[in-house]
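Visitor: Handing you a structure now.
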Amino acid sequence: MDEVVDGIFVGPESDASDEVLLQKHGVDTVVSLTHSNPKTGDITRVDVPMIDGPQNSYQAFAEAVETVVEQRENGQRVLVHCSAGSSRSPSVAAAAISNLTETDLKDVFNQVIERRSETDPHEAWFVR
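Each residue of the sequence shown is one higher than the last, beginning at 4 in my numbering.
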């Protein structure tokens, strides 16, 4: 799990079920982009199931981004996770950060890549 900006973390599915790790980083909300979201502890969990690639609807992507934005605007520390934490979750996190900071998405993606070297988004995310 990597904190890509203050209060927004990106990681793999395994981090989302590690209650000790979540508490260590003060995560309040987990946004799951997979089809399973293990429930642990008192952490708020939001499911927005997606798969890598162009098969996802724009609505699912927008819902995930809006969820992260709303949680951050409410002061929550958010983990966005997908299976490996390399494509869906950094893409959603970058779009949310761009929205929150009114910063160019390309600049935000570069920042996310600097903070999470595993970032390797599917090319379909760039046409959104």
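By construction, the Cβ of each residue, glycine as well, lies at the ideal position given by its N, Cα and C atoms.
Tell me, to the nearest whole angstrom, how far the beta carbon of Thr70 is from that of Val30; I am working on the premise that it is less than 8 Å.
Guide: Between Val30 and Thr70 the Cβ distance is about 14 Å, and since that is not below 8 Å, they are no contact.
Visitor: Can you tell which of Ile116, Pro57, Pro15, His28 has the C-alpha that lies nearest to the C-alpha of Ser39?
Guide: Pro15
Visitor: Do Ser90 and Pro124 have their CB atoms nearer than 8 Å?
Guide: yes
Visitor: To which residues does DSSP link Asp50 through a beta bridge?
Guide: Ser35
Visitor: Considering only their Cβ atoms, is the gap separating Arg75 from Val7 smaller than 8 Å?
Guide: No. Outside cutoff.
Visitor: Just the Cα atoms here: how many angstroms apart are Val68 and Ala98?
Guide: 6 Å
Visitor: How far does the alpha helix (DSSP H) with Val30 in it extend, from its first residue to its last?
Guide: That residue, Val30, is in no alpha helix (DSSP H); it is neither H nor E in DSSP.
Visitor: Would you call the CB atoms of Val95 and Leu36 closer than 8 Å?
Guide: yes
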